[in-house]
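Straight run, no breaks: the sequence shown in our numbering ends on number 171.
Heads up, the beta-carbon is just placed ideally off N, CA and C, and yes, glycines get one too.
Since the structure is predicted, the reported quantities are computational estimates derived from the model, not experimental observations.
The structure appears below as structure tokens.
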Amino acid sequence: MNIKRVMIVGTMVVAMSFGGINWNNTTANASPVAKWSTTGVADKDELLEGLKQVSDEELYEALYDGKSLHDIAADNDGNIGSVINLQISQLTKQLDLRLAKGNITAQQYTAHKAELREIVTQSTFTTFG
């Protein structure tokens, strides 16, 4: 018999054996189900507004059909500039958070922030179809 197979089967047997043991005879008490709340949820989606899309599904379908964000905005008389500014704002917030947590240095922050507009603008022309 193959030694790898023996080790795998043995490990599975041990795991299943320990899984059935009740270590301290306590029962698990599940927390009550949280009630659905829409408090604080925005009724509008700035991305959908900028692209003049009705729903996430409509945006998904357009992207799936091979359109870029720029194409979608142009087809619907949307404002691609507001979409670009929205994405830059969101990415800047992420960079701010990463800098505050110490995940990136100030030099990295400055470099990333300097190229945001160019990268986001180019990404609006990207198609996925």
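Exercise. Thr-134 and Leu-158: beta carbons closer than 9 Å?
Worked result: If you number the sequence shown from 1, residue 134 lands on position 92. If you number the sequence shown from 1, residue 158 lands on position 116. Contact flag set, yes.
Exercise. Taking just the CA atoms, how far does Gly-120 sit from Thr-163?
Worked result: Numbered from its first residue, the sequence shown carries residue 163 at position 121. Numbered from its first residue, the sequence shown carries residue 120 at position 78. Approximately 15 Å, taken between the alpha carbons.
For this session: Leaving out five residues on either side along the sequence, give the residues of the same chain with a beta carbon under 7 Å from the beta carbon of Leu-137.
Result: For this step, residue 137 is matched to residue 95 along the sequence shown. Contacts found: Tyr-151, His-154, Lys-155.
Exercise. Terminal residues of the continuous alpha helix (DSSP H) containing Ser-97?
Worked result: Within the sequence shown, residue 97 is the residue found at index 55, counting from 1. Boundaries cannot be given for Ser-97, as no alpha helix (DSSP H) includes it and DSSP labels it neither H nor E.
For this session: Identify which residue in Glu-160, Arg-140, Tyr-102, Gln-95 has its Cα closest to the Cα of Ala-116.
Result: As a position in the sequence shown, residue 116 is number 74, starting the count at 1. That would be Gln-95, whose Cα lies nearest to the Cα of Ala-116.
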